[in-house]
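A short worksheet on the structure shown next.
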Amino acid sequence: MRLHIIISLLLSLCLAYAREKRAFITVVTTEEDVEPAMAIGTLLRASTRTKDSVHNSAYSLDYICLVLRKEEFEAYKNPTTDQVTGGVSLIGMKKLTFSGWTTRPVSYSIFNDNYKGANWSQADFNAMWIWAMNEYDKVVYLNHDVLVFKDIKDLFSRNVNFAAAPKPFASHQFDSGLMLIKPNMSTFTELMNELKRGIEGSWNLDVFLNNYYSAWYTMGANHRLSPYYNAPYSWTQDESWVQHRKDIRALHFLGDEKPSAILKNPKKYNVSKYGAPFIYIWAIILFFIANPLEDGFEDETRHVLQKVFDITKSSKAVAEYIEKMKRGGTRLRISIHDDAEHDDDEFDEL
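Numbering (mature numbering (1 follows the signal peptide of the UniProt record, and there is no 0)), first residue to last: -18 to -1, 1 to 332.
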């Protein structure tokens, strides 16, 4: 009997040691990025945290937000006012934690000393810290303008060190907004050395990484993700969207065309009937953030994703749900332990 117990304990220890550590990671470097990171983090958790993944003996899954603290942002002082214009405050970090992220401050800010341009392109280089997180076997990095509304955990099953989806109009290059990475300190050191050395034209992170991984297009198929994992929002402007929309898993708002900007001025950005549901789902999450319940936003967002939002239909249902909430409607939620096929009246009412 004792031998049986010892063998069981040894097997448990072996399984624990073999358990793969995985993480979804984003990076926040300014206070303005806190709310978008809260929104995309809530969507990500609602889409990827499932009953089978929370208690999985094969792997653990974390949601990490790397944060550049305000005191580390001295290099971005406004020369006129001598005020620090970037970095994240303690309150901002608490907001990120409340929305489900595990916040982890970076030890210092990574700069591109060879480029004296816009602050945003400088701040982007802090995403390079993900290569140094070698306590994880695999990570999926997402920019905070990528909306995930379907489960993308299958990305972790790819046995590669690096994978990304192609750019919309330059398929021989990848878009760095969503990447699968196997962290490695040697790669991180190489990246830092390349940054110090200076690669011609590498004025932002996207260009820099495409130069570093210049052989990406010729690598094996597993290194190239389907565009459905990182689809540009501009696709929603075209009628061909109808043919592909069921397969889309994540939508990327490139350039200055961000959900918050579109909400403020929808006419300027010419929101189509196909793009409108995504703007509305962003709006309902902002409502949850502005009117939080004690246990956060994840379960409410899961309800909206499973019972209200439909990528194949118009935005009418989500718009009506927003108006209902504003009028004091019943706050509904679905936890990871609820059956997604239950009727609405079986959900917890808050």
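Don't be surprised by glycine CBs; every beta carbon is placed ideally from N, CA and C.
For clarity, every value in this text was computed on a predicted model and none was experimentally measured.
Taking the alpha carbon of residue i as the reference point, which residue from the options has its own alpha carbon closest?
i           : options                           : result
His226      : Tyr215, Leu236 and Phe235         : Tyr215
Phe80       : Ala152, Tyr118, Met110 and Tyr45  : Tyr45
Lys240      : Phe270, Gly257, Asp277 and Arg231 : Gly257
Glu2        : Phe93, Lys164, Met110 and Trp113  : Lys164
Ile261      : Ala40, Thr218, Arg179 and Asp229  : Thr218
Ala152      : Ala40, Ser242, Pro209 and Gly311  : Pro209
Leu160      : Asn143, Tyr123 and Ser222         : Tyr123
His126      : Pro274, Trp264 and Lys178         : Trp264
Asp136      : Gly69, Val121 and Leu25           : Val121
Asn204      : Val142, Glu221, Asp15 and Asp188  : Val142
Gly69       : Leu187, Gly23, Phe170 and Val10   : Val10
Cys47       : Lys250, Lys33 and Thr12           : Thr12
Leu245      : Thr283, Arg284 and Ala301         : Ala301
Lys33       : Arg284, Ser297 and Met167         : Arg284
Pro87       : Val36, Thr8 and Ser35             : Thr8
residue 333 : Lys255, Glu282 and Trp111         : The question about residue 333 has no answer here: the residues shown for the chain are numbered -18 through 332.
Asp220      : Glu176, Leu233 and Lys255         : Lys255
Ala105      : Glu176, Phe279 and Glu14          : Glu14
Taking just the CA atoms, how far does residue j sit from residue i?
i           : j      : result
Ile266      : Tyr90  : 35 angstroms
Glu17       : Phe291 : 21 angstroms
residue 334 : Arg31  : The structure shown does not extend to residue 334, since the chain spans only -18 to 332, so no value can be given for it.
Met75       : Val49  : 8 angstroms
residue 400 : Asn94  : For residue 400 there is no data in the structure shown, the boundaries of the chain being -18 and 332.
Thr62       : Tyr303 : A caution first: Thr62 carries a pLDDT of 48, below 50, which makes its placement in the model unreliable, though a value can still be read off. Distance between the alpha carbons of Thr62 and Tyr303: 46 angstroms.
Gln155      : Trp198 : 8 angstroms
Glu117      : Thr85  : 16 angstroms
Leu314      : Ser42  : 28 angstroms
Val286      : Asn193 : 40 angstroms
Trp113      : Glu172 : 10 angstroms
Lys308      : Arg206 : 43 angstroms
Ile92       : Leu72  : 20 angstroms
Val128      : Asp238 : 13 angstroms
Trp102      : Asn38  : In this prediction, Trp102 has a pLDDT of 46, which is less than 50 and means its spatial position is unreliable; nothing more can be read from the coordinates.
Phe107      : Gly311 : 43 angstroms
Leu162      : Tyr211 : 11 angstroms
Asn247      : Val253 : 10 angstroms
Gly82       : Ser317 : 14 angstroms
Lys295      : Lys228 : 11 angstroms
Ala243      : Phe235 : 11 angstroms
Trp223      : Ala213 : 11 angstroms
Met201      : Gln288 : 36 angstroms
Ser297      : Phe170 : 43 angstroms
Phe270      : Ile22  : 13 angstroms
Phe190      : Leu275 : 41 angstroms
Lys306      : Val36  : 32 angstroms
Arg140      : Arg4   : 12 angstroms
Arg51       : Lys149 : 31 angstroms
Asp320      : Asp281 : 10 angstroms
Asp277      : Lys178 : 44 angstroms
Asn273      : Phe279 : 9 angstroms
Ala40       : Asp119 : 12 angstroms
Tyr251      : Ser196 : 33 angstroms
Can you tell me the Cβ-Cβ gap for residue i and residue j, rounded? I've got them flagged as a contact below 8 angstroms.
i      : j      : result
Ala145 : Asp157 : Their Cβ separation, rounded to whole angstroms, is 12 angstroms, which puts Ala145 and Asp157 out of contact at 8 angstroms.
Pro259 : Ile230 : Incorrect: roughly 11 angstroms between the Cβ atoms, too far for contact.
Leu78  : Met20  : 6 angstroms
Leu26  : Phe6   : 6 angstroms
Phe131 : Ser29  : 6 angstroms
Ala109 : Leu187 : 6 angstroms
Using a threshold of 7 angstroms, is the CB atom of residue i nearer than that to any non-hydrogen atom of the ligand MG?
i      : result
Phe107 : Absence of the ligand MG from the depicted structure is noted, as is the absence of any ligand whatsoever, leaving it without description.
Tell me whether residue i sits in a helix, a strand or coil according to DSSP, three-state version.
i      : result
Tyr123 : strand
Val253 : coil
Asp326 : Low local confidence applies: a pLDDT of 43 at Asp326 is under 50, so the model's placement there is unreliable, with the coordinate-based value given in what follows. Helix at Asp326.
Ala114 : helix
Tyr41  : strand
Pro87  : strand
Pro209 : helix
Lys132 : coil
Thr12  : strand
Lys2   : Sequence check: residue 2 is Glu here, not Lys. Glu2: strand per DSSP, three-state reduction.
Leu48  : strand
Ala71  : For clarity, residue 71 is Ser in the given sequence; the question names Ala instead. DSSP places Ser71 in coil when its eight states are reduced to three.
Thr63  : Its pLDDT being 48, under 50, Thr63 is placed unreliably by the model, and the measurement read from it follows with that caveat. DSSP places Thr63 in coil when its eight states are reduced to three.
Ile92  : coil
His226 : helix
Gly23  : helix
Phe260 : helix
Asn236 : Correcting the residue type first, residue 236 is Leu in the shown sequence and not Asn. The answer is coil: DSSP assigns Leu236 none of H, G, I, E or B.
Arg315 : strand
Met201 : coil
Phe156 : strand
Phe190 : helix
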